[in-house]
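With this note's numbering as the guide, the letters of the sequence shown map in order to residues 99 to 585. Cβ coordinates follow ideal geometry from the N, Cα and C atoms, glycine included.
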Amino acid sequence: MIFNSIEFAIFFPIVTLVYFLLQHKHRWWWLLATSCYFYMFFKPEYILILGFTIVIDYFAGILIEQSEGRRRKWYLVMSLIANIGVLAVFKYYNFFTLAIGEAGLARLPMLKILLPIGLSFHTFQAMSYTIEVYRGNQKAERHFGIYSLYVMFYPQLVAGPIERPQNILHQFYTKHTFDYDRVTSGLKLMAWGLFKKVVIADRLALFVDKVYDHPLDYQGIPIIVATIFFCFQIYCDFSGYSDIAIGSAKVMGFELMKNFDRPYFSKSISEFWRRWHISLSGWFRDYLYIPLGGNRVSTYRRYFNLFFVFTMSGLWHGANWNFIIWGALHGFYLIAAIVLAKPRNFINKITGITKVPFLFKIIQVSITFALVAFAWIFFRGTYLELSWTWHLVTHLFTGLPSLSEFMHLDYISQYVFLDKGAKEFFLAIALIIFMEVIHYMQRGKSMREWISNKPTIIRWGIYYLFIMMFFILGVFDSPAQFIYFQF
99 MIFNSIEFAI
109 FFPIVTLVYF
119 LLQHKHRWWW
129 LLATSCYFYM
139 FFKPEYILIL
149 GFTIVIDYFA
159 GILIEQSEGR
169 RRKWYLVMSL
179 IANIGVLAVF
189 KYYNFFTLAI
199 GEAGLARLPM
209 LKILLPIGLS
219 FHTFQAMSYT
229 IEVYRGNQKA
239 ERHFGIYSLY
249 VMFYPQLVAG
259 PIERPQNILH
269 QFYTKHTFDY
279 DRVTSGLKLM
289 AWGLFKKVVI
299 ADRLALFVDK
309 VYDHPLDYQG
319 IPIIVATIFF
329 CFQIYCDFSG
339 YSDIAIGSAK
349 VMGFELMKNF
359 DRPYFSKSIS
369 EFWRRWHISL
379 SGWFRDYLYI
389 PLGGNRVSTY
399 RRYFNLFFVF
409 TMSGLWHGAN
419 WNFIIWGALH
429 GFYLIAAIVL
439 AKPRNFINKI
449 TGITKVPFLF
459 KIIQVSITFA
469 LVAFAWIFFR
479 GTYLELSWTW
489 HLVTHLFTGL
499 PSLSEFMHLD
509 YISQYVFLDK
519 GAKEFFLAIA
529 LIIFMEVIHY
539 MQRGKSMREW
549 ISNKPTIIRW
559 GIYYLFIMMF
569 FILGVFDSPA
579 QFIYFQF
């Protein structure tokens, strides 16, 4: 079931209403049952895979807590092997089989299987549980239903945020009462997330898909336009999902972690990753980067750690060379930032640019955005052959028109507006600006708080305007799945 569907519009109020009507002791099974239904709405049989990992990790957690010495580690390793094994079979088997065959090493049979939706998300959440129990940061959960709900909780089941057991498990035992302010705050966050998805992301997709579905037909400006639009499409799509997930959980009283924090205002790549997909970045930091030694190692080992972790992040996103290149690029960016720190500081000093903070920040944000946008080409190109993605990269600045050509209406219509018309093109840009202005205004406090403090007539005027924008500007032809559902 997807959040931007009629089915969810029926599912959510029913689940929430019954949740508050039930006695506290019965709420866990209601949430678990409805979460199972939510997941089975996609492909029912794949819930068996979730059931397998849930049983393994439930008993592994108890055995880890009860054991000592090497035995504890073996139980953890067995749990991790089971989880990674499921990922390896369903997500990576065909990729590595094909790679081995192309290298001439062996010919292995391909499997005709579909990737279970959200597999990477709930697998990583399950692994964080056993790791935290092993580290002594979380007690093993004895209630099988509650542990199952930790993995299956429908708001964040298929696309995160990837929660830690310390944050969410205890909340299933807390009695949540109906709180008007909390409920309305959650609903407003859901509405904002849905707006970003249906009005902005799906509208930008009309332009992005035009180029990326036929990459060999374009060069220069159309690729630049589509790539910039994709930056905001994927942000609105994924952060929109996170907002709906966090908001729907909040309505019932659950607090999920923040997953995005205005990432395109970042002044460096490292800051970008502190603002983008925060739950995944934290997972790789705590469970892979730090165990590898993090920053507490030699310089070259630190470079290796960074490059390896971000390459693995790319592989986590999908069994595709484009994803791997995307992750490796970000690893390279971070290493380059460290290597070039002294020359960069020297240039800043002799130019005196740091004495003009606002201009300096604009330059930093612009460079970071350009680097991120370039890497997104590979991310979006994962449905394409690698050679087609390479065409997009190598033709990014080729075939640029002369001034006379650029001023020709036919050229602008076909290659700038991408045959969508001036109205749609400038509307898309206006929506991006509208969103980023709101983000800029949220530096101190959220827009929801700002609106709540306004007089009733102004507050409801804003609400009605927002609703009108949603229904007038939304793309409702067919509900589009969220991009991150594929992971």
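{"Query": "Could you check the C-alpha separation between Thr-325 and Ile-530 for me, to the nearest Å?", "Result": "14 Å"}
{"Query": "So the alpha helix (DSSP H) Thr-195 belongs to, where does it begin and stop?", "Result": "191–200"}
{"Query": "For Tyr-173 versus Leu-185, is the C-beta spacing smaller than 8 Å?", "Result": "no"}
{"Query": "Quick one: Cα of Pro-441 to Cα of Asn-403, how far?", "Result": "23 Å"}
{"Query": "For the alpha helix (DSSP H) containing Pro-111, name the first residue and the last one.", "Result": "104–119"}
{"Query": "Just verifying my parser: in three-state terms, what is the DSSP assignment at Met-589?", "Result": "The first residue shown for the chain is 99 and the last is 585, placing residue 589 beyond what the model contains."}
{"Query": "Look at the Cβ atom of Phe-136, then the Cβ atom of Met-99, and state whether they are nearer than 8 Å.", "Result": "yes"}
{"Query": "Going by beta carbon distance, what residues of the same chain come within less than 8 Å of Ser-133, once the five residues before and after it are set aside?", "Result": "Leu-247, Met-250, Phe-251, Tyr-252, Leu-255"}
{"Query": "Does the pairing of the region 453–470 with the region 285–301 give three or more beta-carbon distances under 8 Å?", "Result": "no"}
{"Query": "Measure the Cβ-Cβ separation of Gly-159 and Thr-228 and say whether it is below 8 Å.", "Result": "yes"}
{"Query": "Spatial neighbours of Leu-285 within its chain, please: CB distance less than 7 Å, with the 5 preceding and 5 following residues excluded, ordered by chain position.", "Result": "Gly-345, Val-349"}
{"Query": "Which runs of the beta strand (DSSP E), 3 residues or longer, sit entirely within the region 422–467?", "Result": "none"}
{"Query": "Just checking, does the region 259–278 make contact with the region 376–385 on the three C-beta pairs under 8 Å criterion?", "Result": "yes"}
{"Query": "Can you tell me the Cβ-Cβ gap for Ile-145 and Ser-177, rounded? I've got them flagged as a contact below 8 Å.", "Result": "Going by Cβ atoms, the distance from Ile-145 to Ser-177 rounds to 20 Å, so no, they are not a contact pair."}
{"Query": "Can you tell me which of the three DSSP states Thr-228 falls into?", "Result": "helix"}
{"Query": "For the alpha helix (DSSP H) that Val-256 lies in, which residues bound it at each end?", "Result": "From DSSP, Val-256 is part of no alpha helix (DSSP H); its letter is neither H nor E."}
{"Query": "When the Cα of Thr-397 is compared with those of Ile-433, Ile-182, Trp-424, Glu-369, which residue comes out closest?", "Result": "Ile-433"}
{"Query": "Whole angstroms are fine: how far does the CA of Glu-483 sit from the CA of Met-208?", "Result": "19 Å"}
{"Query": "Run through DSSP, which three-state label would Pro-587 get?", "Result": "The structure shown does not extend to residue 587, since the chain is modelled only from 99 through 585, so no value can be given for it."}
{"Query": "Given 8 Å as the limit, is there contact between the region 362–371 and the region 297–304, that is, 3 or more CB pairs closer than that?", "Result": "no"}
{"Query": "Alpha carbons only, please: which of Val-175, Pro-313, Asp-307 is nearest the one belonging to Ser-226?", "Result": "Val-175"}
{"Query": "Are the region 437–455 and the region 406–423 in contact at 8 Å, needing three or more beta carbon pairs?", "Result": "no"}
{"Query": "Mark Tyr-431 as exposed unless 16 or more other C-beta atoms lie within 10 angstroms of its C-beta, in which case mark it buried.", "Result": "buried"}
{"Query": "Straight-line CA distance for Phe-193 to Thr-409?", "Result": "16 Å"}
{"Query": "Let me know the alpha helix (DSSP H) ranges lying completely inside the region 494–547, each 4 residues or longer, listed in chain order.", "Result": "501–504, 520–539"}
{"Query": "Would you call the CB atoms of Val-491 and Ile-475 closer than 8 Å?", "Result": "yes"}
{"Query": "From which residue to which residue does the alpha helix (DSSP H) around Ser-364 run?", "Result": "Premise fails: Ser-364 is in no alpha helix (DSSP H) and is neither H nor E."}
{"Query": "Rounded to whole angstroms, what is the Cα-Cα separation between Ile-266 and His-124?", "Result": "18 Å"}
{"Query": "Using only alpha-carbon positions, find the residue among Phe-330, Tyr-310, Leu-148 that is nearest to Thr-480.", "Result": "Tyr-310"}
{"Query": "Are the beta-carbon atoms belonging to Leu-302 and Ala-526 less than 8 Å from one another?", "Result": "yes"}
{"Query": "Classify Leu-490 as helix, strand or coil using the three-state DSSP reduction.", "Result": "helix"}
{"Query": "Hey, out of Arg-372, Phe-188, Ala-197, whose CA is closest to Leu-213's CA?", "Result": "Phe-188"}
{"Query": "With the cut-off set at 8 Å, would you say Tyr-245 and Tyr-156 are in Cβ contact?", "Result": "yes"}
{"Query": "How about Phe-358 and Trp-374: are their beta carbons less than 8 Å apart?", "Result": "yes"}
{"Query": "Whole angstroms is fine: what's the gap from Ser-218's alpha carbon to His-415's?", "Result": "8 Å"}
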